[in-house]
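Residue numbers for the sequence shown follow UniProt numbering, so the first one is 1 and each next one is one higher. Heads up, the beta-carbon is just placed ideally off N, CA and C, and yes, glycines get one too. Worksheet for the structure shown next.
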Amino acid sequence: MAEQWRAVVALTVTADSPLGRTVEAVDAVTAHLPPPETHARCAVCRTRPWPCGPFDTAARGLAALGVPVGYLVPLDLHPVLWPPAPATSDQQTLDMPGATDG
Ligand SMILES: [Zn+2]
Numbered sequence: 001m002a003e004q005w006r007a008v009v010a011l012t013v014t015a016d017s018p019l020g021r022t023v024e025a026v027d028a029v030t031a032h033l034p035p036p037e038t039h040a041r042c043a044v045c046r047t048r049p050w051p052c053g054p055f056d057t058a059a060r061g062l063a064a065l066g067v068p069v070g071y072l073v074p075l076d077l078h079p080v081l082w083p084p085a086p087a088t089s090d091q092q093t094l095d096m097p098g099a100t101d102g
């Protein structure tokens, strides 16, 4: 049976610190994540697609305060929130040592 919730950790921060003042938004972002191995549905708002409204509201609040939301979102969900941009012909490519031209 698949896990319904992602594992969480608790941190201690001073309540009146900039991060401490964001605790409600951090809690909301964390609570409104999809279960592990699921990217389409919030674990709380099960009938809505993810990112759900409460996640979006909390994430925008954090962003407005300068807190990077990506630090709170598991890496497997980053492509859902920030899809990779399509490659363009004027995009630089990495030079690979030993690669031959042409
Ligand atoms: Zn939700």
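| Who are the Cβ neighbours of Val29 in its own chain at under 8 Å, not counting the five residues just before and after it? | Once the five neighbours on either side are set aside, the close Cβ partners of Val29 are Phe55, Ala58, Ala59, Leu62, Val69, Leu72 and Val73.
| message | Assuming the contact rule is C-beta atoms closer than 8 Å, Val13 and Gly20 should be a hit. Round their C-beta distance to whole Å, please. | response | Indeed, because the Cβ distance is near 5 Å, the residues count as touching under 8 Å.
| field | Integer Cβ distance of His32 from Val23, believed to fall under 8 Å | value | At roughly 15 Å, the Cβ-Cβ gap does not stay under 8 Å, so His32 and Val23 are not in contact.
| Should Pro54 be listed as close to ligand 1, given that the test is whether its C-beta is under 6 Å from any heavy atom? | Indeed, a heavy atom of ligand 1 lies less than 6 Å from the Cβ.
| request: State the Cα-Cα distance for the pair Leu11 and Asp76, rounded to the nearest angstrom. | output: Each residue's alpha carbon lies about 22 Å from the other.
| field | Thr100, DSSP secondary structure in three states | value | Only weak support is given to the placement of Thr100: the predicted model assigns it a pLDDT of 48, under 50, and the question is left unresolved by the model.
| request: For Pro83, write down the residues that DSSP places opposite it in a beta bridge. | output: The partner list for Pro83 (beta bridge, DSSP) is empty, contrary to what the question assumes.
| request: Answer with buried or exposed for residue 106, where buried requires no fewer than 16 other C-beta atoms within 10 angstroms of its C-beta. | output: In this structure the chain extends from 1 to 102, so residue 106 is not present and cannot be described.
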